[in-house]
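Okay, so here's the structure we're looking at.
In mature numbering (1 follows the signal peptide of the UniProt record, and there is no 0), the protein residues as written are -30 to -1, 1 to 407.
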């Protein structure tokens, strides 16, 4: 290709095109994340006995698998649905072990790289940055989400106020959208998404919620009542550093990005870092584990900033909603112990109505109940902390799916997932505005 030999003016204009063409010709350019997941698999097994569970824990530890479900090896026991992401060089050993031990398994994702590229349009040319035509049916980078927040703050000042509650470990602003018709004394609902970096459907829902609120405020009596009587504090991306890293380096990163003085491993599980039975069952003290609780409660600046904000406004905040993936569950306290919360009947009633409303859209079933019995026991969670600090309605959503796509929920499923979840959230919100039955 002749890029030289043109007149200087033409050559100057043509150089960027030459550079782009050469970039396209580079091998592997079209692969996301430098093709790092090529040949990796996601495998599901359900141990039938405690002996099988012990053997599976041992081999998983030896092969250093990336556990997708449950979040810690310690949770693997008889009957536990276990999904593991195993690199190409370890998958043969794992499959050979499973076959030799006659342990039943299912390959959920044959080639993780192919699945990643098939389910995403990140590699295609599209107008992602246009704010007037912002696309809510694709996943957005942190920069795009924050630009979108700034744009809404300028264009919808009557219903939206944007502010920062602090900075992350790497110095990024922790932005919040305050949504609602302005008035002095109003109760409020807190919503956060993306506490775990790889759970991209969470931030997609937070954006969807804001979009729906703004679009339907005048036409939908329920939405109008919600925004007239309540404020919504919405944090589209809680774990900003981890989320950014999941776009640039490792799609399946979970934790924050803080450094540890004694270990090379980075990050803390931001949902094990809260001061409620901190670093007890379901949390790890080892910095290299995905459920690492941190060196002390609220060690992560992101957790500290949100905890400070909630403490300051806890008299007005009546509900705490946190969005995760994947499992299709609606969870409420307690997570750290097997016990019934004092206002169980009210919370259980709200959850029951919410999952029924969600199911009415596409027939998708969600399990609901106390997190400890419905999912597993975990200490130091944001949901338990919110409840223990006086917020009477505290819920954690585990959005779609149940493992077929796992963390790689395709963009074509953003709209149905958010549409059904929207109904569940509206039900919980309206429950707040009524006296508990």
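No residue lacks a Cβ here, since even glycine has one placed at the ideal position from N, Cα and C.
Over what stretch of residues does the beta strand (DSSP E) that includes residue 160 continue unbroken?
In the chain shown, residue 160 corresponds to position 190, counting from 1. Judged by DSSP secondary structure, residue 160 falls within the beta strand (DSSP E) whose first and last residues are 157 to 163.
For residue 42, which residues of its own chain have a beta-carbon under 6 Å away from its beta-carbon, when the five flanking residues on both sides are left out?
Taking the chain shown and counting its residues from 1, one reaches residue 42 at position 72. Here the set comprises 261.
Given residue 396, which residues of its chain have a CB within under 8 Å of its CB, disregarding the five upstream and five downstream residues?
Numbered from its first residue, the chain shown carries residue 396 at position 426. Cβ within range, chain order: 192, 193, 196, 327.
Bridge partners - residue 12, DSSP secondary structure assignment:
Residue mapping note: residue 12 aligns to position 42 of the chain shown, counting from 1. Its beta-bridge partners are 55, 79.
Nearest neighbour of residue 366, chosen from 379, 344, 128, 106 [CA to CA]:
Within the chain shown, numbered from 1, the residue matching residue 366 stands at position 396. Comparing Cα-Cα distances from residue 366 to each of 379, 344, 128, 106, the minimum goes to 344.
Using DSSP bridges, identify the partner residues of residue 291.
Indexing the chain shown from 1 puts residue 291 at position 321. Answer is 161, 365, bridged to residue 291.
First through last residue of the beta strand (DSSP E) which encompasses residue 281
Along the chain shown, one-based indexing puts residue 281 at 311. Run containing residue 281: none in the beta strand (DSSP E); it sits in the alpha helix (DSSP H), 271 to 283.
Do residue 338 and residue 325 have their CB atoms nearer than 8 Å?
Position 368 of the chain shown, counted from the start, is the residue given in the question as residue 338. Position 355 of the chain shown, counted from the start, is the residue given in the question as residue 325. Yes, these two residues count as a Cβ contact at 8 Å.
Here's a check: name, in chain order, each residue in its chain whose Cβ is nearer than 8 Å to the Cβ of residue 245, leaving out the five neighbours to either side.
Within the chain shown, the letter at position 275 stands for residue 245. 267, 268, 277, 350, 355.
Could you pull the start and end residues of the beta strand (DSSP E) that residue 135 belongs to?
Start at 1 with the first residue of the chain shown, and residue 135 comes out as number 165. Where residue 135 is concerned, the enclosing beta strand (DSSP E) stretches over 130 to 137.
N-terminal and C-terminal residue of the alpha helix (DSSP H) that residue 196 is part of:
As a first step, residue 196 is located in the chain shown; it is residue number 226 there, counting from the start. From DSSP, the alpha helix (DSSP H) with residue 196 extends over 191 to 199.
Under 8 Å: do the stretch 75 to 86 and the stretch 9 to 16 share three or more Cβ pairs, one atom per stretch?
yes
Considering only the alpha carbon of each residue, which of 303, 122, 296 lies closest to residue 289?
As a position in the chain shown, residue 289 is number 319, starting the count at 1. Per the Cα distances, 303.
Ignoring anything shorter than 3 residues, give me the beta strand (DSSP E) runs that lie fully in the stretch 188 to 263, in order along the chain.
Listed in chain order, the complete beta strand (DSSP E) runs (minimum 3 residues) inside the stretch 188 to 263 are 200 to 205.
Based on DSSP bridge pairs, tell me the residues matched to residue 115.
The sequence position of residue 115 within the chain shown is 145, counting from 1. For residue 115, which the question treats as bridged, DSSP gives no partner whatsoever.
So within the stretch 290 to 357, which uninterrupted beta strand (DSSP E) runs reach at least 3 residues, ignoring any that extend past its ends?
299 to 302, 337 to 340
Excluding the 5 residues flanking residue 22 on each side, which residues of the same chain have their C-beta closer than 8 Å to its C-beta?
Indexing the chain shown from 1 puts residue 22 at position 52. In its chain, beyond the 5 residues on either side, 48, 71, 73 have a beta carbon closer than 8 Å to the beta carbon of residue 22.
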